[in-house]
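The next block holds one structure in the form of structure tokens; read it before the comments.
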Amino acid sequence: MWVSLILLVIILIGGYWSYQHFYTHESVPARHVQLTAVGDSLTYGMGDPTHDGGFTSLIRKKVNRQANHVVMSTTNYGISGQTTSQINHRVLTSKSLRRSLKHADVITITTGGNDVLHFLKQHLTTTSQRSLTTDLTGYVAAYKTRVASLLTNIRRINAGAPIFVFGIYNPVYVYFPQVAFISHAISLNNQTTKQVVAANHRAYFISIDHQLSDGQYTTTKSRAKLKRQADPNSGGSMTAGDLAKLLNGTGTESNRYLSNEDHFHPNKKGYQIMTNLLYQQMVRHIDWLKE
Numbered sequence: 001m002w003v004s005l006i007l008l009v010i011i012l013i014g015g016y017w018s019y020q021h022f023y024t025h026e027s028v029p030a031r032h033v034q035l036t037a038v039g040d041s042l043t044y045g046m047g048d049p050t051h052d053g054g055f056t057s058l059i060r061k062k063v064n065r066q067a068n069h070v071v072m073s074t075t076n077y078g079i080s081g082q083t084t085s086q087i088n089h090r091v092l093t094s095k096s097l098r099r100s101l102k103h104a105d106v107i108t109i110t111t112g113g114n115d116v117l118h119f120l121k122q123h124l125t126t127t128s129q130r131s132l133t134t135d136l137t138g139y140v141a142a143y144k145t146r147v148a149s150l151l152t153n154i155r156r157i158n159a160g161a162p163i164f165v166f167g168i169y170n171p172v173y174v175y176f177p178q179v180a181f182i183s184h185a186i187s188l189n190n191q192t193t194k195q196v197v198a199a200n201h202r203a204y205f206i207s208i209d210h211q212l213s214d215g216q217y218t219t220t221k222s223r224a225k226l227k228r229q230a231d232p233n234s235g236g237s238m239t240a241g242d243l244a245k246l247l248n249g250t251g252t253e254s255n256r257y258l259s260n261e262d263h264f265h266p267n268k269k270g271y272q273i274m275t276n277l278l279y280q281q282m283v284r285h286i287d288w289l290k291e
């Protein structure tokens, strides 16, 4: 009798599990979602050794792997070298981009890196701290207007999709850690982007500064050692020639998360970091990833 009861319980449990698995889960149709990525070289995937689109390809694979009920497709509208104004111009004029943004379930943006790079190239030879501070203040104000316009124009096309905006990082930190002005400019740029993003509905800022700027120098001790090893003849500055030399693929130190080809863009590990940070924010703010 006890054996019969035990067998009956096993049969009932097995039947319930089968019902839950085959009818409750498998009968739910997959949710197809579209991610539209717009921006500069970080969206394009410059530095990705697989030439597969950097984080835009990796996030699609991660979502499809982690969320069994979701099928994500991505469209990459990244163009290397573009500033915020140039990206905004495409948002206003490109029919294919506007169509993709309109139907997107998720939107990602990378911008600001080329803006601040242009500013730094123009001011690397400035020796007056007062002039640098004044010029940087003017740059930040103008940049805020540009990035606010970009967010506004995208929202006019798509009023509801969550927008995830990446910050920028200091690609020369491990080579010139003693040049505080560059880190300060990057920090102000990120603060400005974060403020603009926070003022927009369903828009979220993703910080990548610490992870990609510091590279493998993750502790206070290792960063202090890096500064001690910096070129004592630099006087806490760098020239346009130093920057050009670095971006041509030469340097005495290496950031494990940036490309060896230009020491500027993320490599595969760098894009994986961006992908993981993006996914964390998506899970936090998108309901259909929590189902």
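For what it's worth, the UniProt record's numbering labels the leading residue of the sequence shown as 1, then goes sequentially. Idealized CB from N, CA, C, for every residue including glycine.
Under the 10 Å beta carbon count, Ala37 is surrounded by 16 or more other beta carbons and is classified as buried.
Per the coordinates, the alpha-carbon of Leu58 lies some 6 Å from the alpha-carbon of Thr275. Around the beta carbon of Gly81, fewer than 16 other beta carbons sit within 10 angstroms, so the residue counts as exposed.
One Cα belongs to Val196, the other to Asn190, and the distance between them is close to 10 Å. Its chain contains Val174, Gly215 as the residues whose beta carbon lies nearer than 6 Å to that of Asn255, once the 5 sequence neighbours on both sides are disregarded; these appear in chain order. DSSP, read as helix, strand or coil, puts Ala37 in strand. Gly113 counts as buried, since at least 16 other C-beta atoms from the protein chains shown sit within 10 angstroms of its C-beta. Nearest to His265 by alpha-carbon distance, out of Asp209, Ile154, Thr145, is Asp209. By the neighbour-count criterion, in which 16 or more other beta carbons inside 10 Å mark a residue as buried, Arg146 falls on the buried side.
Of the other Cβ atoms in all chains shown, fewer than 16 fall within 10 Å of the Cβ of Ala199; this residue is therefore exposed.
Within the same chain, and ignoring the five residues on either side of Ile286 in sequence, the residues whose Cβ sits closer than 8 Å to its Cβ are Val106, Pro162.
Setting aside the 5 residues that flank it on each side, Gly39 is surrounded in the same chain by Gly78, Ile87, Ile109, Thr110, Thr111, each with a C-beta closer than 7 Å to its C-beta; the list follows chain order.
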